[in-house]
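Counting in numbering that gives the first Met the number 0, the sequence shown runs without a single skipped number right up to 156 at its last residue.
Glycine included, each C-beta is placed from N, C-alpha and C at the ideal position.
Note that the coordinates shown come from a computational prediction; the quantities given were computed from them, not determined experimentally.
Written out below as structure tokens is the structure these notes cover.
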Amino acid sequence: MDARLNFFADPTAGKALKYVMSAGKALKDSPLPTATQELVSLRVSQINGCAVCIDMHTKEAAAAGETSVRLNLVAAWREAAVFTEAERAALELAEEGTRVADGAGGVSDEVWAYAAEHYDEEQLTALVMLVSFMNMANRLNIITQQPAGNYEPGQFH
């Protein structure tokens with residue numbers, strides 16, 4: 000499978016992606032725990048069906064020490080006993096933030112309050128920005144049919 004566009008060869012994409020990558024680095028360096036970042040990135044990508052990002056975040060999480068059990072259960076996190084309450088709050092916020100078109104009102108007050116019980120304002124900001132960032136990245140990759148399977152951990156950081 001060949002991508003419809005080569006973002007690394009296109010001058011306009013190159014200029015824009017410089018800022019996108021910088022934003023991704025800022026989020027990676029945020030106080031939101033790395034495990035939470037990878038679980039949220041993986042879940043958003045699963046919902047959107049972005050194979051490139053699923054590949055990337057599964058491998059990044061594993062490289063950071065995440066277990067295969069937890070990675071395999073992200074898609075069914077509600078029924079899994081392997082996630083902390085804080086991670087569950089982040090995953091629920093990520094799902095509602097990704098599925099905004101599926102339900103009137105976007106992220107509910109209950110889901111927001113649950114997340115706010117576990118994360119301070121700076122972490123919540125990073126979480127909201129990460130969900131938004133991942134939805135953008137997923138759309139870029141899906142629209143252009145970027146192929147998955149060849150990502151190496153740390154490739155873009």
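C-beta contact flag for residue i and residue j at 8 Å
i	j	result
Arg69	Val81	yes
Gln122	Leu16	no
Glu91	Val110	yes
Phe155	Met20	yes
Asn134	Val43	yes
Endpoints, alpha helix (DSSP H) assigned at residue i
i	result
Asn111	With the sequence shown as reference, residue 111 is identified as Trp, and Asn is not the correct amino acid for it. Unbroken alpha helix (DSSP H) run through Trp111: Asp108 to His117.
Ser21	Pro10 to Lys27
Ala79	Ala79 -> no alpha helix (DSSP H), and no H or E assigned at all.
Met133	Glu120 to Ile142
Ala147	Segment: none, Ala147 is in no alpha helix (DSSP H) and carries neither H nor E.
Gln45	Thr33 to Asn47
Arg69	Ser67 to Leu72
Ala61	Ala50 to Ala62
Per-residue burial, residue i [other beta carbons within 10 Å of its own, 16 or more giving buried]
i	result
Leu126	buried
Gly64	exposed
Glu94	buried
Leu4	exposed
Ile53	buried
Heavy atom of the ligand FMN within 7 Å of residue i beta-carbon
i	result
Pro10	What this structure holds is no ligand at all, so the ligand FMN is not there to describe.
Beta-carbon proximity list for residue i, same chain, < 7 Å, skipping 5 on both sides
i	result
Met128	Leu26
Arg57	This sequence places Thr at residue 57; Arg is not what is there. So the qualifying residues of the chain are Leu41 and Leu70.
Phe132	Ala22, Gly23 and Leu26
Chain B contact for residue i (CB, 8 Å cutoff)
i	result
Gly23	Of the protein chains in this structure there is only one, and it is not chain B.
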